[in-house]
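In the UniProt record's numbering, the protein residues as written are 1 to 111.
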C-alpha cells in the first residue's frame with residue numbers, strides 16, 4: 001500500500017515537489033520577489049510538471065492546492081504564469097483572491 005502523496009517546498013531548488021512513496025513525482029517551479037507595484041512579496045509560478053509514470057492520479061491538482069495554501073499561509077501574492085496553476089485557480093474561485101486584483105485580467109481571472 002502506498003503512502004499519501006507529500007508536498008514539500010524545496011526552497012533551494014525554487015520549487016514545490018510532490019513525492020509518492022519517497023520518489024519525486026512532480027514539481028511546481030516558482031520565483032519569490034518583492035513586487036515593485038506594492039503587492040508585497042509575490043510568488044510567481046512558472047512551470048508545473050508531473051512525471052508520466054504518475055499521470056492521471058490527480059497529483060498536479062494536489063500539488064497546486066498545497067503550493068497555493070502555503071503561499072496563502074506565508075502572505076504571498078500569487079502570479080500564475082504557469083498555465084496549469086492559472087487554470088487550477090480558474091476552476092477553484094476561492095483561490096482567485098491570492099492573485100492581486102489589478103493583475104487578474106492579465107491572467108484571465110476576472111468574472
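C-beta atoms are modelled at their ideal positions from N, C-alpha and C, and glycine is treated no differently.
State buried or exposed for residue i, treating a residue as buried only when at least 16 other CB atoms are found within 10 Å of its CB.
i: residue 86; result: buried
i: residue 134; result: Since the displayed the chain opens at 1 and closes at 111, residue 134 lies outside it and no answer follows.
i: residue 67; result: buried
i: residue 36; result: exposed
Where does residue i sit, in a helix, a strand or coil, going by DSSP?
i: residue 5; result: coil
i: residue 96; result: helix
i: residue 55; result: coil
i: residue 26; result: strand
Between which two residues does the beta strand (DSSP E) containing residue i stretch?
i: residue 107; result: Taken as a continuous stretch (DSSP letters only), residue 107 belongs to no beta strand (DSSP E), as it is neither H nor E.
i: residue 80; result: 77–80
For the alpha helix (DSSP H) containing residue i, name the first residue and the last one.
i: residue 159; result: Beyond the ends of the chain as shown, which are 1 and 111, falls residue 159; an answer cannot be given.
Contact between the region 74–93 and the region 51–58 (3+ Cβ pairs under 8 Å): no
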